[in-house]
Structures are given as C-alpha cells and as structure tokens.
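These notes are about the structure you will find just below.
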Amino acid sequence: MAPLPHPQILSATFVAEARTPADLRSLPPLPGYQIAIAGRSNVGKSTLLNNLAARRSLARTSKTPGRTRGLIFYDLQLRTPEGEAVGLRVVDLPGYGYAKVGKGERDSWRTLVESYVTGTAALRLCLVLVDARRGPEQEEGQLIAWLDSMGIVHRLVATKIDKLTAGERGLLKRDLPGAFPVSGLNGQGMDRVWKVVLDARSFGTLG
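Sequential numbering of the sequence shown, starting at 1196, is according to the working numbering.
Right, here's the structure in full:
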C-alpha cells in the first residue's frame, strides 16, 4: 500500500507545561483543535511527537522513565495535502506505570489530566500508545475505558515495531487489528497516524 501524503509542517513550537489546574487556565489561545498523546513511561511519546512535528528535538526524549511530570503543550501550524492551513495543539500527557513515582504524585497527575480533559471542548482525539512488544496491559485498558466513559475518541498506536520480527508483526496485526503500528526509528506508519489526526478535525467535541 502506497504511503499517504503528509501535511507540511509550517511551524512547531513549545507552548507551556501545566502542573496544576490553574496552569491550564492560563494557557495561550488555541490555534485550532487539540489532540492528546498518552501512554506508559518510555513507550515513545516524545519520539512520536517529534515525528509528527518533523523536528528532532521539539520534545525531549529520555531513557529515564517518568520524566514528563506535567501536561506539555505544543502548537503546530500545518498545511494539509489539500492546501488548507490548520492549527493543531498537541498535548503530551504524563507517562503512567512508573513505579518510582509515589502514589501522591500519581494521584495529582490523574487529577490534572481529568481537569484538562473535562475542561477542554476542543480535544478531538487521544492517541493511546503501547509498546508493540508488550501490547496493551491493565493500565491501558483502564485508560481506554475511562476515555470511553468521557466520550473521547481514541486510537491505539503500537510503537517500536522496528524491534519486532516479521512473525511478531504478523501476530501484532492479528491481535490488535485496529492499532496503528509505527516506528520512531524510520517513521514507518506515521502516514496512517497523520490521517487520523487530520480526520479528527471532524470528530465530535466535548461539552
């Protein structure tokens, strides 16, 4: 199957990091619509975001789990393959599943994420990332169930497929037929991710 055309990235900028609900209320005006990226620590959220932005280091990648401690906002200005100018805000949610983070801090993350989701009518899509070598586990299942309860459209993205054998990729396709397999190493699969991100403009809004 031929790759789908990507949008042109006109600009990509860091906006702010929000660590409290008050921080959320002081964010700059939206450039357009929003998507969120969620996933376990070290699943490849920063790498996916850099691939979306066509920048090597817009979001810092780290080998240390649990590095993202707040909601990090980025604004992208795009030109779609059809020539339409589009503003997109991408929100990097704190990574979960990191045992060295105390319960109190995990609870504060949960409160912050819930404040963001319930207070953001422009959120159209949440990309839920899973490591292709592990697949979705209990925490991913809980997140997806919560997104469903909030009426938020979500899509599963299986990262690090370059680390799978051909046979393992076949099993992934069988076991997670609706997932978008991607590689941060070579960008494989990013065209499909971009398609759903652009399609999200027409998804229902909250509120």
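For glycine and all other residues, C-beta sits at the position ideal for the given N, C-alpha and C.
- Residue burial annotation: residue 1202 is buried, with at least 16 other C-beta atoms found within 10 angstroms of its C-beta.
- Check the Cα spacing between residue 1356 and each of 1341, 1382, 1347: the tightest is with 1382.
- When C-beta atoms of the segment 1337–1353 are compared with those of the segment 1312–1329, three or more pairs fall below 8 Å, so the two segments count as touching.
- Residue 1380 sits away from residue 1330, with the two beta carbons spaced by 8 Å or more.
- Between residue 1228 and residue 1253, the CB-CB gap reaches or exceeds 8 Å.
- About 6 Å separates the beta carbon of residue 1354 from that of residue 1377, a gap short enough to meet the 8 Å contact definition.
- Using a C-beta cut-off of 8 Å, the segment 1305–1314 makes no contact with the segment 1277–1284, since fewer than three inter-stretch Cβ pairs fall below that distance.
- Nearest to residue 1395 by C-alpha distance, out of 1345, 1373, 1317, is 1317.
- Of the candidates 1245, 1230, 1210, the residue whose Cα lies closest to the Cα of residue 1223 is 1210.
- Residue pairing from DSSP leaves residue 1202 without any beta-bridge partner.
- Where residue 1339 is concerned, the enclosing alpha helix (DSSP H) starts and stops at 1333–1345.
- If you draw a straight line from the Cα of residue 1272 to the Cα of residue 1245, it comes to about 14 Å.
- In the DSSP annotation of this structure, the continuous segment of the beta strand (DSSP E) that includes residue 1286 starts and ends at 1280–1287.
- In the three-state reduction of the DSSP assignment, residue 1317 falls in the coil class.
- A straight line joining the alpha-carbon of residue 1238 with that of residue 1337 spans about 17 Å.
- The continuous alpha helix (DSSP H) containing residue 1243 extends over residues 1240–1248.
- For residue 1374, there is no enclosing beta strand (DSSP E), as DSSP gives it neither H nor E.
- Judged by their CB atoms, residue 1265 and residue 1214 are nearer to each other than the 8 Å cut-off.
- For residue 1353, the uninterrupted beta strand (DSSP E) segment begins and ends at 1349–1354.
- Assigned with DSSP and collapsed to three states, residue 1274 falls in strand.
- Exclusion of the five residues before and after residue 1335 leaves 1323, 1325 as the residues of its chain whose Cβ lies within less than 7 Å of its Cβ.
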